[in-house]
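Let me begin by presenting the structure, written as structure tokens, before commenting on it.
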Amino acid sequence: MAEKEIMFNQAMEQLEEIVRQLEQGDVPLEEALTLYQKGMELSKVCHDKLQSAEKQLVTMMKDGKEVSVDIETEGTTK
Amino acid sequence: MSSDPYLSVKALTKYIKKKFDADPHLRDVYVKGELSNVKIHTSGHIYFTLKDNSSRLPAVMFAANARTVKFKPESGMTVLIRGDVTVYEASGQYQLYAQSMQADGIGDYYLAFEQLKEKLAKEGLFNAVHKKPFPRFPERIAVVTAPTGAAVRDICITLNRRYPLAKIVIYPTLVQGAQAIQSIVQSIQAANKADYDVMIVGRGGGSIEDLWAFNDEAVARAIFQSRIPIISAVGHETDTTIADFVADLRAATPTAAAELAVPSKAELLERLLSYRTGMYRMASNTIAKEKTALNRLTSSMPFAYPDRLYRPFIERVERATDSLQREVIQTYRRSREQHAYLDRQLAGRSPENLIKQSASELDHLQRRLDSLMGQSLQNRTQQLSSAMRTLDALSPLKIMDRGYSISYKGGQVIKSVSQVEEGESLTISMKDGKLAATVTERILTSKGENKDG
Numbered sequence: 320m321a322e323k324e325i326m327f328n329q330a331m332e333q334l335e336e337i338v339r340q341l342e343q344g345d346v347p348l349e350e351a352l353t354l355y356q357k358g359m360e361l362s363k364v365c366h367d368k369l370q371s372a373e374k375q376l377v378t379m380m381k382d383g384k385e386v387s388v389d390i391e392t393e394g395t396t397k
Numbered sequence: 004m005s006s007d008p009y010l011s012v013k014a015l016t017k018y019i020k021k022k023f024d025a026d027p028h029l030r031d032v033y034v035k036g037e038l039s040n041v042k043i044h045t046s047g048h049i050y051f052t053l054k055d056n057s058s059r060l061p062a063v064m065f066a067a068n069a070r071t072v073k074f075k076p077e078s079g080m081t082v083l084i085r086g087d088v089t090v091y092e093a094s095g096q097y098q099l100y101a102q103s104m105q106a107d108g109i110g111d112y113y114l115a116f117e118q119l120k121e122k123l124a125k126e127g128l129f130n131a132v133h134k135k136p137f138p139r140f141p142e143r144i145a146v147v148t149a150p151t152g153a154a155v156r157d158i159c160i161t162l163n164r165r166y167p168l169a170k171i172v173i174y175p176t177l178v179q180g181a182q183a184i185q186s187i188v189q190s191i192q193a194a195n196k197a198d199y200d201v202m203i204v205g206r207g208g209g210s211i212e213d214l215w216a217f218n219d220e221a222v223a224r225a226i227f228q229s230r231i232p233i234i235s236a237v238g239h240e241t242d243t244t245i246a247d248f249v250a251d252l253r254a255a256t257p258t259a260a261a262e263l264a265v266p267s268k269a270e271l272l273e274r275l276l277s278y279r280t281g282m283y284r285m286a287s288n289t290i291a292k293e294k295t296a297l298n299r300l301t302s303s304m305p306f307a308y309p310d311r312l313y314r315p316f317i318e319r320v321e322r323a324t325d326s327l328q329r330e331v332i333q334t335y336r337r338s339r340e341q342h343a344y345l346d347r348q349l350a351g352r353s354p355e356n357l358i359k360q361s362a363s364e365l366d367h368l369q370r371r372l373d374s375l376m377g378q379s380l381q382n383r384t385q386q387l388s389s390a391m392r393t394l395d396a397l398s399p400l401k402i403m404d405r406g407y408s409i410s411y412k413g414g415q416v417i418k419s420v421s422q423v424e425e426g427e428s429l430t431i432s433m434k435d436g437k438l439a440a441t442v443t444e445r446i447l448t449s450k451g452e453n454k455d456g
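Residue numbers (my numbering), protein chains in the order written: chain A, 320 to 397; chain B, 4 to 456.
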């Protein structure tokens, strides 16, 4: 049920808030379960976002290295 | 001549002048002294007195020569003068005619330089606030310098090598000689009409005289008024020109100017690379940090042990159930006890007992009644028999048997003589009958002895 495009930070903040509420332990049972479910969803969202960011970063780094090699050879020939 | 021994003033003066002019020492003299009474005529001629501690010498410097003096002569300056001494016939005075003048010790170029520098500094032309910033990545660069020579070559080679992205436009300029000042000023102004990011104004090294155009006020002002930031590259390290002071940036050599004007491609690439690795490091650090944060959250109590979410509820339910049971049992017990108590109370108040009691009471009363009745009967019987005995003993008939009688008057027993009067009629009862009698006399006796009868 996570919103279409929630920002990582927002998701983390919400997750933190949920953990905080659950840790306090005075949440009614039904609400606790709802919170727990929401928390699990947020956790997955965050996890996925992190993983995709990591993947993206690695890809970009690979691409970047290729480009930088090009420039370097150009620089040395001159 | 012999006829008149007197000379005219003019003739004598001329003679003296001839003597002066003939003397080779006076034809070309080098003299050092202090300037005083300096008067610069509008025509450009300079009149002054050259003096030292003990002597004074009037002097003049004509405009043609004065123009070559790089500094402004002022009273008090010690100067080195080359000239000749001759007589000014009109006043009969000998004078020093200066051809050149140099400031003593420091040199006239230096003095002129210092003077202009001081003047422009006072005006604020060198102030850091006027220094224009340079773009980090200039696209168009104007080079104001001689189109031939080492300077322009050095500049172009360096710019191309370091930063081939920039477009270089050369403004061919005379940098030395009589036309240099005007040429430099024109080039700077022309460049300002076009769109440049940086201007390099420069020339190769040379003697101080060669660089002199760059110590000119007009050049200084042209640089100051330039809208385009200017790097000056005049001469070498040791020779600093006014242009260098006014310029927004000073380079020691033309090559250095080119290096200052543009960033190094290699350095940029290196920096790019380091940015890239830096960014990568930061990004992966951020991801790692967020991962840790996420892990911390997901491994926090509620998510690591989700059963603990409902555990307290179980406990609560159990505790509630327990207390419910306890409550029920207690309530039951209490009710039972109360019931028993009430039962006892009720039993205690049962009418059966009352009936029994009443019955026993009744029985008791009955018995008492019976016994009392019997006793009473017995008592009466005894009383009766006793009474009968007494009655029998007291019966008047018996008394009358023994001779006694009873007198009545009107049906009433007479017990005292005072009850009757004489003449009254009486009835006297006796054992065997009655007598009607009349009282004839009353005889009172003492009470003790006397009885009726």
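Just so it is clear, CB atoms sit at the ideal spot from N, CA and C, and this is done for glycine as well. All values derive from a computational prediction rather than experimental measurement.
- Taking a C-beta cut-off of 7 Å against chain A, the contacting residues of the segment 291-303 of chain B are Glu-293, Lys-294, Ala-296, Leu-297, Leu-300, Thr-301, Ser-303, listed in chain order.
- Taking Tyr-411 of chain B as the centre and dropping the five residues before and after it, the same chain places the C-beta of Ile-417, Leu-429, Thr-430, Ile-431, Ser-432 closer than 8 Å to its C-beta, in chain order.
- Nearest to Val-32 of chain B by alpha-carbon distance, out of B:Arg-156, B:Leu-447, B:Leu-99, is B:Leu-99.
- The DSSP-derived three-state label of Thr-52 of chain B is strand.
- At the C-beta level, Leu-361 of chain A and Gln-333 of chain A come within 9 Å of one another.
- Residue B:Ile-160 holds the alpha-carbon nearest to the alpha-carbon of Ile-173 of chain B among B:Ile-160, B:Arg-70, B:Gln-179.
- The alpha-carbon of Glu-324 of chain A is positioned some 10 Å away from that of Val-364 of chain A.
- DSSP places Lys-412 of chain B in the strand class (E or B) of the three-state scheme.
- If you look at Gln-105 of chain B, you'll find it isn't in any alpha helix (DSSP H); it sits in the beta strand (DSSP E) that goes 96-106.
- Close CB contacts of Gln-102 of chain B within its chain, under the 7 Å cut and outside five residues either way in sequence, are with Asn-68, Arg-85, Gly-86 (chain order).
- Distance from Lys-20 of chain B to Thr-89 of chain B at the Cβ level is roughly 6 Å; contact confirmed, criterion being Cβ atoms closer than 8 Å.
- Taken through DSSP and simplified to helix, strand or coil, Ser-432 of chain B comes out as strand.
- For chain B, the residues of the segment 334-346 of chain A that bring a beta carbon within less than 7 Å of one of its beta carbons are Leu-334, Glu-335, Val-338, Leu-341, Glu-342, Gly-344, in chain order.
- Its Cα nearest to that of Ile-234 of chain B, the residue B:Met-202 stands out among B:Ser-389, B:Met-202, B:Asp-213, B:Gly-152.
- For Ala-153 of chain B, the closest of B:Asp-7, B:Lys-359, B:Leu-365, B:Gly-205 by C-alpha to C-alpha distance is B:Gly-205.
- For Arg-206 of chain B, the enclosing beta strand (DSSP E) stretches over residues 201-206.
- Using a CB distance below 8 Å, the part of the segment 274-287 of chain B facing chain A consists of Leu-275, Leu-276, Arg-279, Tyr-283, Ala-286, Ser-287, ordered along the chain.
- Annotation: Cβ neighbours of Leu-312 of chain B in chain A (cutoff 9 Å, chain order): Leu-341, Gly-344, Val-346, Leu-348, Ala-351, Leu-352, Leu-354, Tyr-355.
- Near chain B, meaning a CB-to-CB distance below 8 Å, the residues of the segment 359-377 of chain A are Met-359, Ser-362, Cys-365, His-366, Leu-369, Ala-372, Glu-373, Leu-376.
- Nearest to Ala-216 of chain B by C-alpha distance, out of B:Tyr-199, B:Leu-300, B:His-48, B:Asp-247, is B:Asp-247.
- Ala-236 of chain B and Asn-288 of chain B have their C-alpha atoms some 46 Å from each other.
- For Pro-138 of chain B, there is no enclosing beta strand (DSSP E), since its DSSP letter is neither H nor E.
- Going by beta carbons, Ala-149 of chain B and Pro-175 of chain B fall inside the 9 Å limit.
- Between the segment 216-232 of chain B and the segment 115-128 of chain B, the count of Cβ pairs shorter than 8 Å is three or higher; the stretches touch.
- By the C-beta density criterion, Gly-36 of chain B is buried, having at least 16 other C-beta atoms within 10 angstroms.
- In the DSSP annotation of this structure, Met-64 of chain B is not part of any alpha helix (DSSP H); the continuous beta strand (DSSP E) holding it starts and ends at 59-64.
- When the five nearest sequence neighbours on each side are left out, the beta carbons in the same chain lying within less than 6 Å of the beta carbon of Ala-115 of chain B are those of Lys-73, Phe-74, in order along the chain.
- Bridge partners of Gly-86 of chain B according to DSSP: B:Val-32, B:Ala-101.
- Straight through space, the alpha carbons of Ala-396 of chain B and Gly-426 of chain B are spaced by roughly 35 Å.
- The alpha-carbon separation between Glu-364 of chain B and Arg-352 of chain B amounts to approximately 18 Å.
- Leu-275 of chain B carries a helical assignment under DSSP once its states are collapsed to helix, strand and coil.
- With respect to chain B, the C-beta atom of Met-326 of chain A has no partner C-beta closer than 9 Å.
- A contact between stretches requires three or more CB pairs, one per stretch, nearer than 8 Å, and the segment 299-311 of chain B meets this requirement with the segment 328-347 of chain A.
- When B:Ile-245, B:Val-249, B:Arg-59 are compared, the shortest CA-CA separation from Asp-219 of chain B is found for B:Ile-245.
- Annotation for Lys-196 of chain B: the continuous alpha helix (DSSP H) segment containing it runs 183-196.
- Under the DSSP assignment, Thr-45 of chain B falls outside any alpha helix (DSSP H); it carries neither an H nor an E label.
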